[in-house]
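Using this note's numbering, read the sequence shown as starting at 18 and increasing by one per residue. A short worksheet on the structure shown next.
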Amino acid sequence: MRQRLILSLILISIVRFTVAQEFDTIIKNGHVVDPANNVNAARDVAIANGKIALIAKDISSDRGKNVIDASGLIVCPGFIDIHTHVFVGSNPGVFADGVYSLSPDDFTFKSGVTTVVDAGTSGAQSFHKFKEQVIDQSRTRILAWLNIASPGMIGNPGQEDVASMDVNAAVDVAKTFSQHIVGIKIGHYEKSDWVPFERALQAASQAVVPLFVECHLPKYSLQDQLAKMRAGDIITHSFEKVDERTPITDEQGNVRDYVLAAQKRGVLFDLGHGGAGFWFSEAIPAMKQGLTPFTFGTDLHRFSMNAGMKDMTNVMSKFIALGMSRDDVIRRATANAAKAIHRSDLGNLSVGSVADVVIIREVEGDYGFVDAGGNRIMGDRKLIAEATIREGKVVWDLNGLTAKPFVKSR
Numbered sequence: 018m019r020q021r022l023i024l025s026l027i028l029i030s031i032v033r034f035t036v037a038q039e040f041d042t043i044i045k046n047g048h049v050v051d052p053a054n055n056v057n058a059a060r061d062v063a064i065a066n067g068k069i070a071l072i073a074k075d076i077s078s079d080r081g082k083n084v085i086d087a088s089g090l091i092v093c094p095g096f097i098d099i100h101t102h103v104f105v106g107s108n109p110g111v112f113a114d115g116v117y118s119l120s121p122d123d124f125t126f127k128s129g130v131t132t133v134v135d136a137g138t139s140g141a142q143s144f145h146k147f148k149e150q151v152i153d154q155s156r157t158r159i160l161a162w163l164n165i166a167s168p169g170m171i172g173n174p175g176q177e178d179v180a181s182m183d184v185n186a187a188v189d190v191a192k193t194f195s196q197h198i199v200g201i202k203i204g205h206y207e208k209s210d211w212v213p214f215e216r217a218l219q220a221a222s223q224a225v226v227p228l229f230v231e232c233h234l235p236k237y238s239l240q241d242q243l244a245k246m247r248a249g250d251i252i253t254h255s256f257e258k259v260d261e262r263t264p265i266t267d268e269q270g271n272v273r274d275y276v277l278a279a280q281k282r283g284v285l286f287d288l289g290h291g292g293a294g295f296w297f298s299e300a301i302p303a304m305k306q307g308l309t310p311f312t313f314g315t316d317l318h319r320f321s322m323n324a325g326m327k328d329m330t331n332v333m334s335k336f337i338a339l340g341m342s343r344d345d346v347i348r349r350a351t352a353n354a355a356k357a358i359h360r361s362d363l364g365n366l367s368v369g370s371v372a373d374v375v376i377i378r379e380v381e382g383d384y385g386f387v388d389a390g391g392n393r394i395m396g397d398r399k400l401i402a403e404a405t406i407r408e409g410k411v412v413w414d415l416n417g418l419t420a421k422p423f424v425k426s427r
């Protein structure tokens with residue numbers, strides 16, 4: 018009888034312990050900013066089996082196997098970078114399977130990015146290799162804009178071969194790999210023939226996905242490009258000032274009427290900072306006139322990371338310095354980005370969603386932010402990614418926020 022009672026008590030204790038620790042991780046005492054769900058308040062976040070399990074004002078620490086104290090920190094969805102080049106390989110002088118692209122895991126998590134979209138580095142002919150070589154090998158979620166040029170960004174003259182711009186091939190690959198491919202890209206074409214643009218638009222229409230337009234189309238006028246684009250299509254390098262494209266503002270600093278008209282009918286303007294894609298002389302007057310970037314594509318590649326762009330948190334901090342609120346920059350890196358790529362499953366902390374989470378610190382001080390022309394503005398605050406969680410697993414921890422305190426054994 019006594020043995021049965023002891024056994025029963027043990028079983029009850031085991032059941033209570035199991036129920037008590039129903040969550041793998043609890044993030045406590047943080048301030049949750051989740052624009053997709055209009056949450057901007059002190060909340061605890063519980064994670065189980067790689068998913069968001071519960072958001073509440075107070076979740077008992079006893080219910081979690083691991084507890085992260087986020088006191089004084091901001092908890093938000095993992096950032097989404099919709100303009101990157103990550104088809105890294107060994108080929109010199111190119112982006113596609115080349116040295117100009119970057120291995121994503123080396124750079125994403127430390128800036129709070131859990132999802133990147135490769136901007137047309139691969140096309141229908143090369144996407145399979147990109148998937149096997151990079152997408153399948155990375156912890157970062159990698160999506161893609163599929164280049165209408167089948168080989169992808171292999172440099173001229175190969176990427177300008179109109180014969181390789183096969184609509185049917187692009188549509189077939191886009192539909193076959195719809196879990197990875199979010200749209201079709203046109204860019205890096207220096208001839209005057211509009212066939213590449215028309216084929217890219219046709220492929221996007223048939224695949225029922227957005228068109229992503231990069232500015233490297235010097236013989237196409239900006240006005241004509243925007244006129245052909247549909248609501249939901251995206252133009253990147255929005256605040257660029259280079260010879261190969263008409264800037265969005267005129268000589269008096271006024272945003273051109275056709276640019277504002279395109280924005281009004283639903284064309285989305287992505288930042289596309291890159292090494293040469295962002296100028297204060299364009300962004301400052303444009304933002305004052307209501308043309309703000311819908312998304313913060315960084316144009317991450319070998320050169321931009323060491324120039325004025327640096328990384329996602331630097332870009333977000335730069336726009337805070339330009340007058341945008343902290344919550345607005347988080348919206349552009351999360352909810353807006355998810356909307357732009359038609360991935361409502363991402364960019365939020367909804368219960369049941371994948372647990373892609375970033376914990377950020379907003380610090381005060383004197384910070385300089387640089388544009389593509391080597392110009393600097395100063396800001397008094399900066400965002401830093403303290404910890405990044407991808408599918409419920411900690412993949413970046415700057416200051417040991419998720420680690421246990423070291424205790425000397427003797």
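For each residue, glycine too, the CB sits at the ideal point set by N, CA and C.
Bridge partners - residue i, DSSP secondary structure assignment
i: K68; result: A65, V371
i: V424; result: Answer is none; V424 lacks a bridge partner.
i: W413; result: T405
i: N271; result: According to DSSP, which records beta bridges pairwise, N271 is partnered with nothing at all.
i: E381; result: R398
i: A136; result: W162
i: D75; result: According to DSSP, which records beta bridges pairwise, D75 is partnered with nothing at all.
i: P302; result: BP columns for P302 are empty, so no partner.
i: H48; result: A59, I91
i: L363; result: L363 pairs with nothing; no bridge assigned.
i: F286; result: I252
i: F96; result: V130
i: V212; result: Its beta-bridge partners do not exist; DSSP assigns none.
i: R393; result: V387
i: I203; result: V230
i: L277; result: The partner list for L277 (beta bridge, DSSP) is empty, contrary to what the question assumes.
i: F295; result: F256
i: F40; result: G81
Whole-number beta carbon distance between residue j and residue i, since they are thought to touch under 8 angstroms
i: A141; j: A186; result: 4 angstroms
i: E379; j: R348; result: That pair is no contact at about 15 angstroms.
i: E388; j: F297; result: What sits at residue 388 in the sequence shown is Asp, not Glu. That pair is a contact at about 5 angstroms.
i: S118; j: T131; result: About 19 angstroms separates the two Cβ atoms, so there is no contact after all.
i: K202; j: A136; result: 6 angstroms
i: E207; j: K236; result: 7 angstroms
Same chain only: Cβ atoms within 8 angstroms of residue i, ignoring 5 sequence neighbours per side
i: I358; result: I97, I99, V134, L160, V199, G200, P227
i: A248; result: R282, G283, V284
i: K148; result: F194, H197
i: N66; result: D41, G409
i: K192; result: A224
i: V188; result: A220, Q223, A224
Rounded C-alpha distance that separates residue i from residue j
i: F194; j: D75; result: 41 angstroms
i: L288; j: V424; result: 47 angstroms
i: R8; j: N55; result: In the structure as shown, the chain begins at 18 and stops at 427. Residue 8 is therefore absent and cannot be evaluated.
i: H145; j: A350; result: 28 angstroms
i: E261; j: I69; result: 45 angstroms
i: H48; j: V62; result: 10 angstroms
i: V116; j: V103; result: 10 angstroms
i: L317; j: G172; result: 18 angstroms
i: S77; j: A59; result: 15 angstroms
i: Q38; j: N164; result: 47 angstroms
i: G325; j: V371; result: 32 angstroms
i: V190; j: A166; result: 13 angstroms
i: V368; j: A73; result: 11 angstroms
i: I251; j: V230; result: 6 angstroms
i: M170; j: G81; result: 47 angstroms
i: L239; j: T315; result: 21 angstroms
i: G292; j: S426; result: 50 angstroms
i: G106; j: W162; result: 18 angstroms
i: F124; j: N323; result: 12 angstroms
Own chain residues within Cβ distance below 7 angstroms of residue i, not counting five before or after
i: A402; result: K127, S128, G129, T330, V375, I377, W413, L415
i: G417; result: none
i: I364; result: Sequence inspection shows Gly at residue 364; the Ile mentioned does not correspond to that position. Only A53, P94, I97, T351, A352, A354, A355 meet the Cβ criterion.
Beta-carbon contacts of residue i that lie in its chain and below 6 angstroms, excluding the five residues immediately before and after
i: P422; result: none
i: E257; result: C232, G294
i: A338; result: F386, I394, G396
i: V411; result: T419
i: T405; result: F126, G129, V375, V412, W413
i: I31; result: Model confidence at I31 stands at a pLDDT of 43, short of 50, so the residue's coordinates are unreliable; what they give is reported in the following sentence. So the list is empty, once near-sequence residues are dropped.
i: H254; result: C232, G289, G294
i: T312; result: I99, D287, R349, N353, A354, A357
i: D328; result: S128
i: S334; result: K399, L400
i: D122; result: S155, R156, T157
task = Evaluate contact between the segment 43-51 and the segment 80-97, counting only Cβ atoms and requiring at least three cross-stretch pairs below 8 angstroms.
result = Yes, the segment 43-51 touches the segment 80-97.
task = Would you be able to state if there are at least three C-beta pairs under 8 angstroms between the segment 292-307 and the segment 262-272?
result = yes
Validate contact between the segment 167-186 and the segment 149-157 using beta carbons, cut 8 angstroms, 3 pairs = Two segments are said to touch when three or more pairs of C-beta atoms, one from each, lie closer than 8 angstroms; by this definition the segment 167-186 does not touch the segment 149-157.
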